[in-house]
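7 is the number of the first residue of the sequence shown in this note's numbering; add one for each residue after it. Even glycine gets a Cβ: it sits at the ideal position worked out from N, Cα and C. Every value quoted in this text rests on a predicted model; they were computed, and no experiment measured them.
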Amino acid sequence: MTTTTATRVLVLNSGSSSVKYQLLDMRDDSRLAVGLVERIGEETSRLVHTPLNREGAEQRERTGPIADHEAALKAVADELAADGLGLDSPELAAIGHRVVHGGLRFTAPTVVDEEVLAEIERLVPVAPLHNPANITGIRTARALRPDLPQIAVFDTAFHTTMPESAARYAIDTEVADAHRIRRYGFHGTSHAYVSRETARLLGKAPEDVNVIVLHLGNGASASAVRGGVCVDTSMGLTPLEGLVMGTRSGDIDPAVAFHLQRVAGMSADDVDVLLNKKSGLIGLCGDNDMREIRRRIDEGDERAQLAFDIYIHRLKKYIGAYYAVLGRVDAIAFTAGVGENAAPVRQAAVAGLEELGLALDSELNEVRSGEPRIVSTPYARVAVAVVPTDEELEIARQTIALAAPNSLD
Ligand code: AMP
7 MTTTTATRVL VLNSGSSSVK YQLLDMRDDS RLAVGLVERI GEETSRLVHT PLNREGAEQR
67 ERTGPIADHE AALKAVADEL AADGLGLDSP ELAAIGHRVV HGGLRFTAPT VVDEEVLAEI
127 ERLVPVAPLH NPANITGIRT ARALRPDLPQ IAVFDTAFHT TMPESAARYA IDTEVADAHR
187 IRRYGFHGTS HAYVSRETAR LLGKAPEDVN VIVLHLGNGA SASAVRGGVC VDTSMGLTPL
247 EGLVMGTRSG DIDPAVAFHL QRVAGMSADD VDVLLNKKSG LIGLCGDNDM REIRRRIDEG
307 DERAQLAFDI YIHRLKKYIG AYYAVLGRVD AIAFTAGVGE NAAPVRQAAV AGLEELGLAL
367 DSELNEVRSG EPRIVSTPYA RVAVAVVPTD EELEIARQTI ALAAPNSLD
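Structure representation (structure tokens):
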């Protein structure tokens, strides 16, 4: 008799109106299927499913109303089943869920039960946009496969090692504690993965390497990682703090918010929308896509140039700050959409920092590749690395390690 070893993990990233998913086989980290459902709850919902488990299989797309997350996940399950990858397969070991906010309690991936769900729910006031959708995704997946381990992997977990000196805001301690106000940080799965991959690229153990990770996507954050342990990160109570982002302001004098409420008649919600959705690059120049901004700069557009300069100025400040926090830096790693692809951003961010041991090889920096690579000159004291992030793989690895630790032996 042959027994099937469960080595597959379904990774779900549930947003308020979307679900992204990947099915991986952890024997070789391969993708069996990837896809997304978007505009859930609208008439124009869309499911795009790409099977990768056989040669020549084509991407499929469905449009038409998908009422809620339950309907979305059922539709995903149908698509997977059509490729022989159904959720009822004995090879499926677990479902890994991205959960944005794990507060202070969740420092590691966690098997979901009712008590864990209740705690994620208790964190909704500090993550009102994200945690409710994550909870819905988990509940729906549990209803479909109640017998299967559901693992929550938290965006904040990697940052829970930050010392209190970095994690606390300098505000009244009682108020802060009563309302759980502190710096949590986000993108933790990416910072964990990229800092580890950077050590590998340098041929060293993570414990022996200090890295500044710059996750520059539409959302952006920096982290200072000492010997594999996060000691500071740029996002705070919410993802608004820190770097200039696609649509978020990043660091700003909090008095701007009071001023706008008192003087411009804006409500707290108006200011929230302004700073999260209408600021950053889009607020500065009308575009949040770095490709478009570079194109406009090449045509001599001054607003686009100023937006780029402000973005780079902030990035440089964080590189300097985290250099000081770490004391010794072995590598700076660029990742995510902008960090992996925008050579001019990398070039401008480290320009003039030769005294800090940073020197780019401009030819290497221009090379386009999906592989992790070093783009600094061989004699530079600090390596500059481009390391493609892979949050789904990291979630899947953490999920199988917890749900079925012996399945890969
Ligand atoms: P992410 O949030 O990691 O998916 O990153 C999305 C962002 O990456 C987009 O808003 C673009 O600004 C940026 N991006 C993607 N490809 C390129 C590219 N080839 N050059 C510059 N920026 C890019």
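What does a CB cutoff of less than 7 Å around residue i pick up in its chain, not counting 5 residues either side in sequence?
i	result
residue 8	A caution first: residue 8 carries a pLDDT of 46, below 50, which makes its placement in the model too unreliable to give a value.
residue 70	51
residue 198	164, 400
residue 114	163
residue 408	115, 117, 157
residue 371	349, 352, 353, 381
residue 111	125
residue 299	287, 291, 293, 310, 313, 314
residue 367	381, 382, 383
Rounded to whole angstroms, what's the CA-CA distance from residue i to residue j? Just pull it up for me.
i	j	result
residue 16	residue 286	34 Å
residue 216	residue 270	45 Å
residue 127	residue 157	16 Å
residue 129	residue 239	20 Å
residue 412	residue 343	35 Å
residue 121	residue 18	20 Å
residue 302	residue 349	16 Å
residue 264	residue 311	30 Å
residue 393	residue 346	7 Å
residue 274	residue 244	15 Å
residue 84	residue 224	31 Å
residue 170	residue 188	9 Å
residue 40	residue 317	32 Å
residue 406	residue 268	51 Å
residue 105	residue 292	31 Å
residue 161	residue 133	11 Å
residue 47	residue 77	10 Å
For the ligand AMP, I want to know if residue i counts as a neighbour, meaning its beta carbon is within less than 7 Å of at least one of the ligand's heavy atoms.
i	result
residue 3	Since the first residue shown for the chain is 7 and the last is 415, residue 3 is missing from the structure and cannot be characterised.
residue 256	no
residue 15	no
residue 117	no
residue 295	yes
residue 347	yes
residue 343	yes
residue 70	no
residue 252	yes
So, for residue i: in the same chain, excluding its five sequence neighbours on each side, which residues have a beta-carbon less than 6 Å away from its beta-carbon?
i	result
residue 403	none
residue 241	191, 192, 227, 247, 248
residue 196	221, 395, 397
residue 172	238
Mind reading off the beta-carbon distance from residue i to residue j? Whole number of angstroms is fine, and I expect it under 8 Å.
i	j	result
residue 254	residue 290	Rounded, the Cβ-Cβ distance is 12 Å, inconsistent with contact.
residue 100	residue 204	Not confirmed; about 28 Å, so no contact.
residue 67	residue 54	5 Å
residue 22	residue 135	7 Å
residue 477	residue 25	Look at the range of the chain in this structure, 7 to 415, and you will see that residue 477 is not part of it.
residue 388	residue 337	6 Å
residue 146	residue 79	5 Å
residue 59	residue 94	The Cβ separation is near 16 Å, so there is no contact.
Once you ignore the five residues that flank residue i on each side, which residues in its own chain have a CB closer than 8 Å to its CB?
i	result
residue 235	167
residue 410	12, 13, 99, 100, 155
residue 363	335, 386, 387, 388
Within 8 Å (strictly less), CB to CB, does residue i reach chain D?
i	result
residue 225	The structure shown contains no chain D; it is built from a single protein chain.
May I ask whether a heavy atom of the ligand HEM can be found less than 7 Å away from the beta carbon of residue i?
i	result
residue 169	This structure lacks the ligand HEM; the ligands present are the ligand AMP.
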